[in-house]
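Note that this note's numbering has the sequence shown beginning at 263, numbered continuously upward.
Don't be surprised by glycine CBs; every beta carbon is placed ideally from N, CA and C.
In this text the structure is predicted, and so the values were computed from the model without any measurement.
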Amino acid sequence: MDDSVQVKCSRCKSAFRERARRLQNGYSRQCPTCEVVVFFDEDSPDANIKSAMRTARRVRKELREAEAEFRPRTISRRGSARHATDDESVA
Ligand SMILES: [Zn+2]
Numbered sequence: 263m264d265d266s267v268q269v270k271c272s273r274c275k276s277a278f279r280e281r282a283r284r285l286q287n288g289y290s291r292q293c294p295t296c297e298v299v300v301f302f303d304e305d306s307p308d309a310n311i312k313s314a315m316r317t318a319r320r321v322r323k324e325l326r327e328a329e330a331e332f333r334p335r336t337i338s339r340r341g342s343a344r345h346a347t348d349d350e351s352v353a
């Protein structure tokens, strides 16, 4: 599953991709094209950032649900007490 979100730079208008897990309030990164520092905030006045934050939130939710779905149901238990029940007191 694609876990990256397209972000549009408000300065040079070029699009780049960033991992959804990173796109949280307070995160910042440089635009690979014009090297302006882009600040990510859900309350950003920049509509491009806001929509990227919304998309990232949705992708993270989908990732969590996908992980829950594909998690193996059989949890292997190690160090069971089964061996201790072997009859050792045959005196
Ligand atoms: Zn840019």
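Subject >> Burial state of A314 (16 or more Cβ within 10 Å) >> reply: As a position in the sequence shown, residue 314 is number 52, starting the count at 1. Classification for A314: buried.
Original post:
What do you reckon, is the C-beta of T295 under 7 angstroms from a heavy atom of ligand 1?
Top reply: Looking up residue 295 in the sequence shown gives position 33. Flag set: Cβ of T295 near ligand 1.
Original post:
Could you give the distance in angstroms between the alpha-carbon of C296 and the alpha-carbon of K270?
Top reply: Counted from its first residue, the sequence shown places residue 296 at position 34. Counted from its first residue, the sequence shown places residue 270 at position 8. Near 12 angstroms, if we compare the C-alpha coordinates of K270 and C296.
Original post:
Does the beta carbon of R298 fall short of 7 angstroms from some heavy atom of ligand 1?
Top reply: Here residue 298 corresponds to residue number 36 of the sequence shown, with the count starting at 1. Per the sequence shown, residue 298 should be read as Val rather than Arg. V298: yes, Cβ under 7 angstroms from ligand 1.
Original post:
Among the residues of its own chain, which have a CB less than 6 angstroms from the CB of R322, if the five just before and after it don't count?
Top reply: The residue given as residue 322 occupies position 60 in the sequence shown. Excluding sequence neighbours, R322 sits near A282.
Original post:
In or out: A277 buried (at least 16 other Cβ within 10 Å) or exposed?
Top reply: Translated into positions along the sequence shown, residue 277 becomes position 15. Exposed, by the Cβ-count rule.
Original post:
Less than 7 angstroms between the CB of S290 and some heavy atom of ligand 1, yes or no?
Top reply: The sequence position of residue 290 within the sequence shown is 28, counting from 1. Checking the Cβ of S290 against ligand 1 gives no.
Original post:
Tell me which same chain residues have a C-beta within less than 8 angstroms of the C-beta of Q292, skipping the five on either side of it?
Top reply: As a first step, residue 292 must be located in the sequence shown, where it is residue number 30. These residues qualify, in order along the chain: V298, V299 and V300.
Original post:
When every heavy atom of ligand 1 is checked, does at least one fall within less than 7 angstroms of the C-beta of S276?
Top reply: As a working note, residue 276 is residue 14 in the sequence shown. Correct: S276 has its Cβ closer than 7 angstroms to ligand 1.
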